[in-house]
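Residue numbers (UniProt numbering): 1 to 506. Beta carbons: idealized from backbone N, C-alpha and C, even for Gly.
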């Protein structure tokens, strides 16, 4: 059976910030093997940037090493030190038993010398290492708790900010250009833009993600430039990163600690509380469409792709006049004397609960709805209503309710941790908060978007130049539903009388 010298390499960083790369460790291990085991081939096991202090962290190559030990392929093991292999005492004793079973009684290291695997010294060292890990975690937890109580930011850097210090306190400093882009992106979410289109627009404006990724070599180590600094590349803004950017509590001035909002941060918010809550609601709550039979269909307000994005009235805005199912936008082949051509069409489709009742030409329907909308917006009563936001007070009321709910969650967790609440009481209270939040968000998402930015003249002049997202949002702001009635028998043209528009109350 083939046997080899196993080199286990894992990157680490000491308190002074000194880092031993896995590449350096491999070099040292190969030199050790050439000197002490020249007849043994070498196999390298590398877990780069993976902690051995946390037993929940899966280390793929460590597990492969254990399997090779159990299979009898490993003759000797080398590592920089015992702690590079294992930091937890329970894990060490389990691993040591496997080594002894495989007749591997020595562990070769640079710092600790040759360790007898079944010796008490190795066991004591494992116990001491595990104790130090626990003490380090407690110190780190206490330090993080104190910093969170002061409102200091966490170690991550959200889009729109850079790390800074003011009078010795760590904080965030606003990056004006990024902050302006973030406010635009948040407004675009509320206005109905898809996350993909927002990402594309930000990229076109020259923006990159908040973080940069390190270039790695074949060993998984950082590639360094001529000055010894890591080579990094910008991260690309995509739909997922846009969602994180605009929904991050930090951009509204909130400090998150242990997965919950713990209070106000010591930095300037970029988004107002009202706008941030609207963004979170828009991204989390689906719209629902109800049919005559009482069946509901969820329709997401934003989605990264799909054929439905080509149609201005899809997503539940346009429905069948017979069964009330949402119509589906798709292509239909029409035949005439010139041959076969594919045209956009709205169908009553079974995939959305329809019964194949009818269909109508999409482009002509959309053009008709747009013309009717522009005419409606130019009515004096509508212009007067656009000058004010009739739902501002309710929107602020719901925003305040969501803030109160967010503030109650950490208090509830502390009460449970202090045994002031039983498990049953804590779960019941959490469920009540979840229900209140769901109700508030459902009510908030049902409110029309603020109309102060709407200018009827600009809509009429710029409709053809608008993006699909902009058109869809303007339609959704003023049109509650477009119902398509059955076609008149024998009529072989578009019939606007079939299109019935129900306007929203402003």
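{"query": "Counted within 10 angstroms of its Cβ, other Cβ atoms place residue 231 as buried (16 or more) or exposed", "result": "exposed"}
{"query": "Backbone CA spacing between residue 11 and residue 88 [nearest angstrom]", "result": "17 Å"}
{"query": "Closest residue to residue 390 among 76, 272 and 504 (Cα-Cα distance)", "result": "504"}
{"query": "Assigned secondary structure, residue 336 (DSSP; H/G/I helix, E/B strand, else coil)", "result": "strand"}
{"query": "Exposure of residue 163, with buried meaning 16 or more beta-carbon neighbours within 10 Å", "result": "exposed"}
{"query": "From 199, 189, 337 and 433, residue whose alpha carbon lies closest to that of residue 275", "result": "189"}
{"query": "Beta-carbon spacing of residue 262, residue 55 below 8 Å", "result": "no"}
{"query": "Reference residue 53; option with closest CA among 82, 66, 78 and 36", "result": "82"}
{"query": "Opening and closing residue of the beta strand (DSSP E) in which residue 262 lies", "result": "260-264"}
{"query": "Same chain, Cβ closer than 8 Å to residue 57, neighbours up to 5 away in sequence not counted", "result": "50 and 51"}
{"query": "For residue 164, the residue or residues it bridges with in DSSP", "result": "171"}
{"query": "C-alpha distance - residue 233 paired with residue 208, whole-angstrom precision", "result": "10 Å"}
{"query": "Identity of the residue in 185, 168, 166 and 160 nearest residue 177 by Cα", "result": "160"}
{"query": "Check whether residue 229 and residue 169 have beta carbons under 8 Å apart", "result": "no"}
{"query": "Cut-off 8 Å between Cβ atoms - residues of its own chain near residue 68, not counting five sequence neighbours on either side", "result": "6, 43 and 74"}
{"query": "Euclidean distance between Cα positions of residue 251 and residue 157", "result": "10 Å"}
{"query": "Under 8 Å between C-beta atoms of residue 246 and residue 186", "result": "yes"}
{"query": "The segment 371-390 contacting the segment 398-412, beta-carbon criterion three pairs below 8 Å", "result": "no"}
{"query": "Classification of residue 241 by the beta-carbon crowding that lies within 10 angstroms, buried from 16 upward", "result": "buried"}
{"query": "Beta-carbon proximity check, residue 80 vs residue 110, cutoff 8 Å", "result": "yes"}
{"query": "Neighbourhood of residue 223 by C-beta, 6 Å cutoff - its chain only, sequence neighbours within 5 removed", "result": "215, 217 and 231"}
{"query": "Coil, strand or helix - residue 16 by DSSP", "result": "Only weak support exists for where residue 16 lies, its pLDDT of 40 falling under 50; the coordinates are left without a value."}
{"query": "8 Å CB neighbourhood of residue 495 in its chain, flanking five on each side removed", "result": "487 and 488"}
{"query": "Residue 314 versus residue 365 - alpha carbon distance", "result": "12 Å"}
{"query": "Residues bridged to residue 347 [DSSP beta-bridge criterion]", "result": "328 and 359"}
{"query": "Reference residue 476; option with closest CA among 32, 445, 354 and 107", "result": "445"}
{"query": "Opening and closing residue of the beta strand (DSSP E) in which residue 234 lies", "result": "232-234"}
{"query": "Residue of 77, 60, 22 and 21 minimising C-alpha distance to residue 37", "result": "77"}
{"query": "Candidates 339, 332 and 338: closest to residue 361 by CA position", "result": "332"}
{"query": "Complete alpha helix (DSSP H) runs within the segment 351-431 (minimum length 4 residues, chain order)", "result": "362-377, 380-386 and 392-417"}
{"query": "For residue 156: DSSP bridge partner residues", "result": "Answer is none; residue 156 lacks a bridge partner."}
{"query": "Span separating the alpha-carbon of residue 101 from that of residue 2", "result": "18 Å"}
{"query": "Coarse secondary structure for residue 500, derived from DSSP in three states", "result": "strand"}
{"query": "Span of the beta strand (DSSP E), counted from its first residue to its last, around residue 481", "result": "479-484"}
{"query": "Residue burial classification, residue 355 (beta-carbon count within 10 angstroms, cutoff 16)", "result": "exposed"}
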